[in-house]
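So for the sequence shown, the UniProt record's numbering puts the first residue at 1; every next one is plus one. Inspection log for the structure reproduced underneath, given as structure tokens.
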Amino acid sequence: MLPYVTKSSYSSQHDGRAPSTRTIETSDIQLAFQQRFGRTYPSRDYILPNDWDECIRLAIQHHLWLRTYNSRLANSPKRERAARVLDCGTGTGHWASDFADDHPEAVVIGVDLSPIQLTAVPPNLWYEIFDLDQPWPWRELYDFIFFRHMNTAFADWVEIFEKALGHLEPGGYIELQDNSFPIMCDDDTMAPDSAIARWSTLLMEATELMGRPCDTPSRFKQLLDLAGFEAIVEEKTVWPIGPWDVDHPREKEIGIWCRENCLEALEASTMHLFTQFLHWSQEDTRDFCDEVEREIREGSVHAYFTVYCVYGRKPYA
Numbered sequence: 001m002l003p004y005v006t007k008s009s010y011s012s013q014h015d016g017r018a019p020s021t022r023t024i025e026t027s028d029i030q031l032a033f034q035q036r037f038g039r040t041y042p043s044r045d046y047i048l049p050n051d052w053d054e055c056i057r058l059a060i061q062h063h064l065w066l067r068t069y070n071s072r073l074a075n076s077p078k079r080e081r082a083a084r085v086l087d088c089g090t091g092t093g094h095w096a097s098d099f100a101d102d103h104p105e106a107v108v109i110g111v112d113l114s115p116i117q118l119t120a121v122p123p124n125l126w127y128e129i130f131d132l133d134q135p136w137p138w139r140e141l142y143d144f145i146f147f148r149h150m151n152t153a154f155a156d157w158v159e160i161f162e163k164a165l166g167h168l169e170p171g172g173y174i175e176l177q178d179n180s181f182p183i184m185c186d187d188d189t190m191a192p193d194s195a196i197a198r199w200s201t202l203l204m205e206a207t208e209l210m211g212r213p214c215d216t217p218s219r220f221k222q223l224l225d226l227a228g229f230e231a232i233v234e235e236k237t238v239w240p241i242g243p244w245d246v247d248h249p250r251e252k253e254i255g256i257w258c259r260e261n262c263l264e265a266l267e268a269s270t271m272h273l274f275t276q277f278l279h280w281s282q283e284d285t286r287d288f289c290d291e292v293e294r295e296i297r298e299g300s301v302h303a304y305f306t307v308y309c310v311y312g313r314k315p316y317a
């Protein structure tokens, strides 16, 4: 059985540290998944699957983030001294598990739509299955709320940030880590008609039609300000798509992990977006994904994602 919050164990196992919260059990949730394109997806309009292949990809993605920040799990001041932590969109729970391991004094809650989390977890980590678009049920305040790789998950990010603000104690921090579109290139290797460039443009068009544009991470700083956060910091780096940066060993390694993460997500995300919002056929979408994959693997296009880490503080008063 997965280590979800239960009404009895949550308070008894924390030695008085547990928040007073309305807990959510798996029996309370109707896990209505959908079979599409040969993959299993969550019940709501979400562009990535939640099956075993996706769990493997999420492990690759977690390692990519660790390499990006030199094994740091967070960059805000709450990377240390956090007492109550909410990981929004925890997925397989790799980040939450690592953070709980590193901070045994903290209570860590990982929240996700899907019950795909790791089964071996630290004693200070619990999972809840919950849709963050719904009113947040927790009564206790957190001092650190974390989002990673949630681009396109929400239609109204300001509303999500306002919920987070309301569930943070004064002086608590929110942190977001995500990559953004469009895909960039600083030399002449990515022609406008290249498969990667067209894929980037079409993904942006499809996510805009979906109402969840994939360039939102570039506006996280502005949106946090609109929601009422202060002391907002934006840090940017890049993910090369492939090991083409041969002059910089670290970037070359990150490029390998980014390429694998990208290729693992390529067809699953593109199929949903292109067939649902651009009205492509499944056959045409698969053919196009094959073209994009060939170009990525060939490696002559020096493309990269812009990666954002943005964090801000809830005002003290």
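In this text, a Cβ means the ideal position worked out from N, Cα and C, and glycines have one as well.
{"query": "Straight-line Cα distance separating Ala206 from Pro213", "result": "8 Å"}
{"query": "For Val301, the three-state DSSP class (helix, strand or coil)", "result": "coil"}
{"query": "Reduced DSSP secondary structure (H/G/I, E/B, other) of Ile70", "result": "For clarity, residue 70 is Asn in the given sequence; the question names Ile instead. Asn70: coil per DSSP, three-state reduction."}
{"query": "Bridge partner(s) assigned by DSSP for Gly110", "result": "Asp87, Tyr127"}
{"query": "One or two residues paired with Asp101 in a DSSP bridge", "result": "Beta-bridge pairing links Asp101 to no other residue."}
{"query": "Beta-ladder partner(s) of Lys236, from DSSP", "result": "Tyr308"}
{"query": "Cβ-based burial, Val246 [other Cβ within 10 Å; buried from 16]", "result": "exposed"}
{"query": "Residue range of the beta strand (DSSP E) that includes Gly171", "result": "168-185"}
{"query": "Close-in-space but distant-in-sequence residues of the same chain around Thr275 (CB under 7 Å, 5 per side omitted)", "result": "Gln282, Thr285"}
{"query": "Exposed unless 16 or more other CB atoms sit within 10 angstroms - verdict on Asn70", "result": "exposed"}
{"query": "Cβ-based burial, Tyr316 [other Cβ within 10 Å; buried from 16]", "result": "exposed"}
{"query": "Any 3 or more C-beta pairs closer than 8 Å across the segment 263-272 and the segment 302-309", "result": "no"}
{"query": "Test item: CB-CB of Trp138 and His103 under 7 Å", "result": "no"}
{"query": "Residues near Arg67 by beta carbon distance below 7 Å, same chain, minus five either side", "result": "Glu253, Ile254, Trp257"}
{"query": "Whole-number beta carbon distance between Val158 and Lys236, since they are thought to touch under 8 Å", "result": "No, Lys236 and Val158 are not in contact; Cβ-Cβ is about 21 Å, not under 8 Å."}
{"query": "Assumed close pair Glu234, Lys221 - CB separation to whole angstroms, cut-off 8 Å", "result": "4 Å"}
{"query": "For Thr40, three-class secondary structure by DSSP", "result": "strand"}
{"query": "Nearest candidate by alpha-carbon position, reference residue 321, set Arg148, Leu86, Tyr41, Tyr46", "result": "Nothing about residue 321 can be reported from this structure: the residues present for the chain run from 1 to 317 only."}
{"query": "Opening and closing residue of the alpha helix (DSSP H) in which Arg250 lies", "result": "249-277"}
{"query": "Helix, strand or coil at Ile47 [DSSP, three-state]", "result": "coil"}
{"query": "Burial state of Glu54, where buried means 16 or more other Cβ atoms lie within 10 Å", "result": "buried"}
{"query": "Close Cβ partners of Ala155 (< 6 Å) along its chain, the five nearest in sequence each way excluded", "result": "Gly211, Arg212"}
{"query": "Which residues DSSP lists as bridging Tyr142, in chain order", "result": "Leu168"}
{"query": "Asp185 to Asn151 span [Cα, whole Å]", "result": "The amino acid at residue 185 is misidentified as Asp; the sequence shows Cys. Cα-Cα distance, rounded: 21 Å."}
{"query": "For Ala120, the three-state DSSP class (helix, strand or coil)", "result": "coil"}
{"query": "7 Å Cβ cutoff met for Asp131 and His149", "result": "no"}
{"query": "Cα-Cα separation, Pro115 to Asp188", "result": "44 Å"}
{"query": "Member of Ala74, Glu105, Thr92, Gly89 whose CA lies at the smallest distance from the CA of Ala83", "result": "Glu105"}
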